[in-house]
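Chemist:
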Amino acid sequence: MLEEGRPRRRPARRRGDLPIATIAELAGVSPPTVSKVLNGRAGVGEQTRQRVEALLRDHGYRRPFPARTAHGLEVVFQQMLGSIAIEIMRGVAGVAALRDCTVGFTDVGPRGSAGELWVEPLLLRQPAGIITVFPGVTARHREMLAASGVPLVAVDPIGDLFPTPAVGTNNWSGAVAATRHLLDLGHRRIGVLAGPTRDLSARARLDGIRAALDHVGIPFDDGLLRHGEFTFEEGRDLGRELLTLPAAPTAVLCGDDLQAMGVYEAARQLGLRIPDDLSVVGFDDVEQAGWLAPGLTTVRQPFAEMGATAARLVLALAEGRALTQHRYELDTTLVLRGSTAAPGPR
Numbered sequence: 000m001l002e003e004g005r006p007r008r009r010p011a012r013r014r015g016d017l018p019i020a021t022i023a024e025l026a027g028v029s030p031p032t033v034s035k036v037l038n039g040r041a042g043v044g045e046q047t048r049q050r051v052e053a054l055l056r057d058h059g060y061r062r063p064f065p066a067r068t069a070h071g072l073e074v075v076f077q078q079m080l081g082s083i084a085i086e087i088m089r090g091v092a093g094v095a096a097l098r099d100c101t102v103g104f105t106d107v108g109p110r111g112s113a114g115e116l117w118v119e120p121l122l123l124r125q126p127a128g129i130i131t132v133f134p135g136v137t138a139r140h141r142e143m144l145a146a147s148g149v150p151l152v153a154v155d156p157i158g159d160l161f162p163t164p165a166v167g168t169n170n171w172s173g174a175v176a177a178t179r180h181l182l183d184l185g186h187r188r189i190g191v192l193a194g195p196t197r198d199l200s201a202r203a204r205l206d207g208i209r210a211a212l213d214h215v216g217i218p219f220d221d222g223l224l225r226h227g228e229f230t231f232e233e234g235r236d237l238g239r240e241l242l243t244l245p246a247a248p249t250a251v252l253c254g255d256d257l258q259a260m261g262v263y264e265a266a267r268q269l270g271l272r273i274p275d276d277l278s279v280v281g282f283d284d285v286e287q288a289g290w291l292a293p294g295l296t297t298v299r300q301p302f303a304e305m306g307a308t309a310a311r312l313v314l315a316l317a318e319g320r321a322l323t324q325h326r327y328e329l330d331t332t333l334v335l336r337g338s339t340a341a342p343g344p345r
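Numbering-wise, numbering that gives the first Met the number 0 puts 46 at position 47 of the sequence shown, and it's gapless, one number per residue.
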């Protein structure tokens with residue numbers, strides 16, 4: 000029994016229990032405005048949106064999901080090569096099926112570089128979690144999703160999104176393995192088509208190449224380095240630059256398989272035979288890599304496993320469980336095909 004005259008103690012309010020009306024009062028706005036921010040709708044000024052989002056984060060607010068949508072995951076791409084996207088979706092779907100989750104996907108296309116336009120339609124679907132697989136995701140997107148209580152996991156982001164969990168591969172070790180393979184074949188003049196300097200994975204791959212060369216005492220030749228986007232056209236044009244140098248490389252390491260396919264075309268135009276006159280190595284092991292003639296030696300990224308890992312992480316966050324780390328790196332594998340051989344006379 001309570002002692003007579005002693006005031007009753009109110010139970011402590013848990014984080015996230017504040018009603019929308021209280022959040023609105025603290026922010027100096029109306030409850031409908033808070034609701035718009037929570038659901039990612041337009042019609043709210045940027046400063047007001049940021050003020051409301053900050054309060055929602057500070058008070059640990061998580062939006063309760065309706066039962067009919069609580070188990071939906073959304074995967075966001077941006078004009079990704081179909082074979083990679085399918086593998087990632089296969090991994091996500093495999094995990095989701097075990098948890099009775101639905102999976103949807105969005106290709107933001109050009110909208111990926113247009114600020115936050117892709118976020119609002121996804122929030123209207125009220126997903127349990129979002130997995131992004133495109134370079135345009137930013138800390139600002141993370142904040143918008145966090146304010147609505149939607150967890151985010153990024154697959155292979157180009158920059159540091161800490162504390163957003165990220166899933167990638169060990170790009171450094173993959174590049175080391177590819178470089179050692181060429182060195183073991185006897186190549187010493189190795190050209191490099193690296194990805195964009197803004198891309199974390201591209202920088203890691205370049206660092207791996209440098210480390211492998213340094214290990215055997217071969218200085219890295221900056222004259223044999225070109226940076227470009229991960230496209231066929233960049234591989235073709237930059238590859239031609241390398242292959243028409245007075246002292247051309249006997250092998251080219253490419254930032255991805257599309258660049259490698261471009262180098263194939265540059266070699267064809269110049270009358271060079273692969274691998275007799277030139278060895279080529281890619282990165283990713285997309286489906287088309289095995290269709291080339293000769294087949295492309297490349298570093299395989301486990302895209303399905305990356306998707307599955309991202310799905311497990313975002314579902315854990317949706318259930319309120321804490322993660323033990325924020326960066327998850329999976330192993331790569333060197334796949335040997337017919338595009339590499341000992342250097343021939345040039």
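Ideal Cβ positions, reconstructed from N, Cα and C, are used throughout, including at glycine.
What would DSSP say about residue 286, mapped onto helix, strand or coil?
Modeler: Residue state, collapsed to three classes: helix.
Chemist: Can you give the Cα-Cα distance for residue 30 and residue 54, rounded to whole angstroms?
Modeler: Looking at the two C-alpha atoms, the distance is approximately 13 Å.
Chemist: Taking Cβ positions, are residue 128 and residue 149 nearer each other than 8 Å?
Modeler: Going by C-beta atoms, residue 128 is nearer than 8 Å to residue 149.
Chemist: Please name the residue in 151, 241, 282 whose C-alpha comes closest to that of residue 208.
Modeler: The shortest Cα separation from residue 208 among 151, 241, 282 belongs to 282.
Chemist: Check the DSSP bridge columns for residue 328 and list the partner residues they point to.
Modeler: Partner(s): 167.
Chemist: Compare the Cα-Cα distances from residue 213 to each of 187, 244, 236 and report the closest residue.
Modeler: Considering only alpha carbons, the answer is 187.
Chemist: Contact between the region 271-286 and the region 236-256: three or more CB pairs below 8 Å?
Modeler: In short, these stretches touch, since the Cβ pair count reaches three.
Chemist: Could you tell me which residues DSSP puts in a beta bridge with residue 73?
Modeler: Bridge partners of residue 73: 103, 129.
Chemist: Using 8 Å as the threshold, is the region 299-313 in touch with the region 268-275, meaning 3 or more CB pairs across them?
Modeler: No, because fewer than three Cβ pairs between the region 299-313 and the region 268-275 fall closer than 8 Å, the two stretches do not touch.
Chemist: Let me check one thing: in DSSP terms, what residues is residue 278 bridge-paired to?
Modeler: Note: residue 278 sits in a beta bridge opposite 250.
Chemist: Give the secondary structure of residue 52 by DSSP, where H, G and I count as helix, E and B as strand, and everything else as coil.
Modeler: Note: residue 52 maps to helix in three-state DSSP.
Chemist: Should residue 238 be flagged as near chain D, meaning a C-beta pair shorter than 8 Å?
Modeler: Checking the listed chains, one finds no chain D in this structure; it contains a single protein chain.
Chemist: With contact counted as at least three CB pairs below 8 Å, one residue from each stretch, are the region 90-101 and the region 140-157 in contact?
Modeler: No contact exists between the region 90-101 and the region 140-157.
Chemist: From the DSSP output, in three-state form, read off residue 210 for me.
Modeler: The answer is helix: DSSP assigns residue 210 an H, G or I state.
Chemist: Are at least three pairs of beta-carbons, each pair with one atom in the region 325-333 and one in the region 172-180, less than 8 Å apart?
Modeler: Judged by Cβ distances under 8 Å, the region 325-333 makes contact with the region 172-180, as three or more pairs qualify.
Chemist: Do residue 277 and residue 359 count as a contact pair if the criterion is CB distance below 8 Å?
Modeler: Because the chain is modelled from 0 through 345, residue 359 falls outside the range shown and cannot be assessed.
Chemist: Put residue 152 into one of helix, strand or coil per three-state DSSP.
Modeler: Reduced to three states, the DSSP call for residue 152 is strand.
Chemist: In chain order, what residues of the same chain lie with their CB nearer than 8 Å to the CB of residue 196, ignoring the 5 residues before and after it?
Modeler: Cβ neighbours of residue 196 beyond the five flanking positions: 202, 226.
Chemist: Skipping 5 residues on each side, what residues in its chain have a beta carbon closer than 7 Å to that of residue 64?
Modeler: Residue placement at residue 64 cannot be trusted, given a pLDDT of 44 that sits under 50; what the coordinates show is reported in the next sentence. If we look at residue 64 and ignore the five residues flanking it on each side, its Cβ neighbours are 125, 127.
Chemist: Inspect the CB distances between the region 286-298 and the region 71-79 and report whether three or more fall short of 8 Å.
Modeler: No: the two stretches stay apart, fewer than three of their Cβ pairs being nearer than 8 Å.
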